[in-house]
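Engineer: Position one of the sequence shown corresponds to residue 12 (my numbering), numbered consecutively onward.
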Amino acid sequence: MSAGMTGFLLAAAFVTFVWFFSTGAILWLNRLPREHHEGAVVVATPVLAVGACGLIVAAGETGPAAAYLAFLSAILVWGWHELSFLMGVVTGPNREPLPAGARGWSRFRASAGTVIHHEVALFATLGLIALLSWGAPNQVGVWTFAILFAMRLSTKLNIYLGVSNLSSEMLPPHLGYMKSHFRKAPMNPLYPVSLALSLLLIAWLGRHAFDDTGAALLLSLALLGLLEHGFMMLPFRDHELWKWAMPMHERQSQTGRNPWDGL
Numbered sequence: 012m013s014a015g016m017t018g019f020l021l022a023a024a025f026v027t028f029v030w031f032f033s034t035g036a037i038l039w040l041n042r043l044p045r046e047h048h049e050g051a052v053v054v055a056t057p058v059l060a061v062g063a064c065g066l067i068v069a070a071g072e073t074g075p076a077a078a079y080l081a082f083l084s085a086i087l088v089w090g091w092h093e094l095s096f097l098m099g100v101v102t103g104p105n106r107e108p109l110p111a112g113a114r115g116w117s118r119f120r121a122s123a124g125t126v127i128h129h130e131v132a133l134f135a136t137l138g139l140i141a142l143l144s145w146g147a148p149n150q151v152g153v154w155t156f157a158i159l160f161a162m163r164l165s166t167k168l169n170i171y172l173g174v175s176n177l178s179s180e181m182l183p184p185h186l187g188y189m190k191s192h193f194r195k196a197p198m199n200p201l202y203p204v205s206l207a208l209s210l211l212l213i214a215w216l217g218r219h220a221f222d223d224t225g226a227a228l229l230l231s232l233a234l235l236g237l238l239e240h241g242f243m244m245l246p247f248r249d250h251e252l253w254k255w256a257m258p259m260h261e262r263q264s265q266t267g268r269n270p271w272d273g274l
């Protein structure tokens, strides 16, 4: 096996490990009693600071170690945002189910209102990371956060427009109102575009993935993003991957009928 292939496989294994266990860790933390969620986000803020410092340090360095540091630091910053969202601390001004009969602009405004604060925070963070890394030799941290943001935004828009597998089981109970803003459908016009853009990104990153550690990490992340998009249209229930991290009563409730079946 060539050194380039070995490096790519190591990067892919690392990214998959981080993706799987960081997602599980955030879901596990949501087991905390609801009254402790705001405090948990505050307690986790040092993780955000560590990630920010890591991004600044890594941006000025080159080589495999710097690429791994930049990637992991971006994941720490992203993870803090995900924790603040799933714990209901940073979501949006609208915390109500979709009004009956809402269509068109009124539906979009209501649905966007459930997540807009989170999206703005992510976009602002991406801009800040790009600014701090401007002109630096290591751009892996910026690209990591950018891919996560693009894939996440694409996922939200596709779920809003309609997909066959909503994966609503992974939402904690206090965000249950968001389920009414999702739409179940066999296909939507954005989905093929999302796949095409993902494949273009993968092809572009793939040109250097066997001789550049940063490209290998980013390619692995993009492939996982494509996999998550595939879950939206496949019958596989992806929440099964993280049942170990979810509260027992939620796991038991998910063994029954999917609440979206038949809609």
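Backbone N, C-alpha and C define an ideal beta-carbon position, used for all residues, glycine too. All values reported here derive from a predicted model rather than from experimental measurement.
Checking the sheet assignment: what are the DSSP bridge partners for Val174?
Structural biologist: Taking the sequence shown and counting its residues from 1, the one referred to as residue 174 is at position 163. Its beta-bridge partners are Lys195.
Engineer: My output table needs one value for Glu107: the three-state DSSP class, helix, strand or coil.
Structural biologist: Counting from 1 along the sequence shown, the entry for residue 107 is found at position 96. It is coil, neither helix nor strand.
Engineer: Does the distance from the C-beta atom of Thr34 to that of Pro148 stay below 7 Å?
Structural biologist: Taking the sequence shown and counting its residues from 1, the one referred to as residue 34 is at position 23. Taking the sequence shown and counting its residues from 1, the one referred to as residue 148 is at position 137. Against a cut-off of 7 Å, the Cβ pair of Pro148 and Thr34 comes out as no contact.
Engineer: Alpha carbon to alpha carbon, how far is Ile170 from Trp330? Give it in angstroms, no decimals.
Structural biologist: The question about residue 330 has no answer here: the residues shown for the chain are numbered 12 through 274.
Engineer: Could you tell me which uninterrupted alpha helix (DSSP H) segments, each at least 4 residues in length, are contained entirely in the segment 127 to 160, listed from first to last along the chain?
Structural biologist: Qualifying alpha helix (DSSP H) stretches, in chain order: 127 to 143.
Engineer: Where Met189 and Gly99 are concerned, what is the direct C-alpha to C-alpha distance, given to the nearest angstrom?
Structural biologist: Within the sequence shown, residue 189 is the residue found at index 178, counting from 1. Within the sequence shown, residue 99 is the residue found at index 88, counting from 1. Computed Cα separation, rounded: 11 Å.
Engineer: To which residues of the same chain is Ala77 closer than 6 Å at the C-beta, ignoring the five residues directly before and after it?
Structural biologist: The residue given as residue 77 occupies position 66 in the sequence shown. Hits under 6 Å: Ala69 and Asn149.
Engineer: Return the residue from the list Leu186, Leu211, Val29 and Leu21 that minimises the CA-CA distance to Ala85.
Structural biologist: The residue labelled residue 85 in the question sits at position 74 within the sequence shown. Comparing Cα positions, the closest option is Val29.
Engineer: Which same chain residues, not among the five before or five after Ser191, have their C-beta less than 6 Å away from its C-beta?
Structural biologist: One-based indexing of the sequence shown puts residue 191 at position 180. Contacts found: Pro108 and Leu109.
Engineer: Under the rule that 16 or more other beta-carbon atoms within 10 Å means buried, what is Phe193, buried or exposed?
Structural biologist: Position 182 of the sequence shown holds residue 193. So Phe193 counts as buried.
Engineer: Quick one: residues in its chain with C-beta nearer than 7 Å to the C-beta of Leu137, no 5 flanking neighbours on either side, listed in chain order?
Structural biologist: Working through the sequence shown from its first residue, we reach residue 137 at position 126. Excluding sequence neighbours, Leu137 sits near Phe156, Ala157 and Phe160.
Engineer: From Ala227 to Ala220, what distance separates their C-alpha atoms?
Structural biologist: Residue numbering aside, residue 227 sits at position 216 when the sequence shown is read from its first letter. Residue numbering aside, residue 220 sits at position 209 when the sequence shown is read from its first letter. Distance between the alpha carbons of Ala227 and Ala220 is about 4 Å.
Engineer: Use the C-beta contact count for Ala63: other C-beta atoms within 10 angstroms, 16 or more gives buried, fewer gives exposed.
Structural biologist: Here the question's residue 63 lines up with position 52 in the sequence shown. Counting Cβ neighbours within 10 Å, Ala63 comes out buried, since at least 16 surround it.
Engineer: By the DSSP assignment, the alpha helix (DSSP H) with Phe242 in it spans what residues?
Structural biologist: Indexing the sequence shown from 1 puts residue 242 at position 231. Where Phe242 is concerned, the enclosing alpha helix (DSSP H) stretches over Thr224 to Phe242.
Engineer: Taking its Cβ as the centre, do 16 or more other Cβ atoms sit within 10 Å of Leu20, making it buried, or is it exposed?
Structural biologist: Locating residue 20 in the sequence shown gives position 9, counting from the first residue. Exposed: under 16 other Cβ atoms inside 10 Å.
Engineer: Using 8 Å as the threshold, is the segment 124 to 131 in touch with the segment 42 to 49, meaning 3 or more CB pairs across them?
Structural biologist: No, the segment 124 to 131 is not in contact with the segment 42 to 49.
Engineer: For Ala55 and Leu83, which I take to be in contact (beta-carbon distance under 8 Å), what is that distance rounded to the nearest angstrom?
Structural biologist: Position 44 of the sequence shown, counting from 1, holds the residue named residue 55. Position 72 of the sequence shown, counting from 1, holds the residue named residue 83. Not quite, the Cβ-Cβ distance comes to about 16 Å (not below 8 Å), so this is no contact.
Engineer: Could you pull out every residue in the same chain whose Cβ sits closer than 8 Å to the Cβ of Thr166, ignoring the five residues on either side in sequence?
Structural biologist: Counting from 1 along the sequence shown, the entry for residue 166 is found at position 155. These residues qualify, in order along the chain: Glu239, His240 and Met243.
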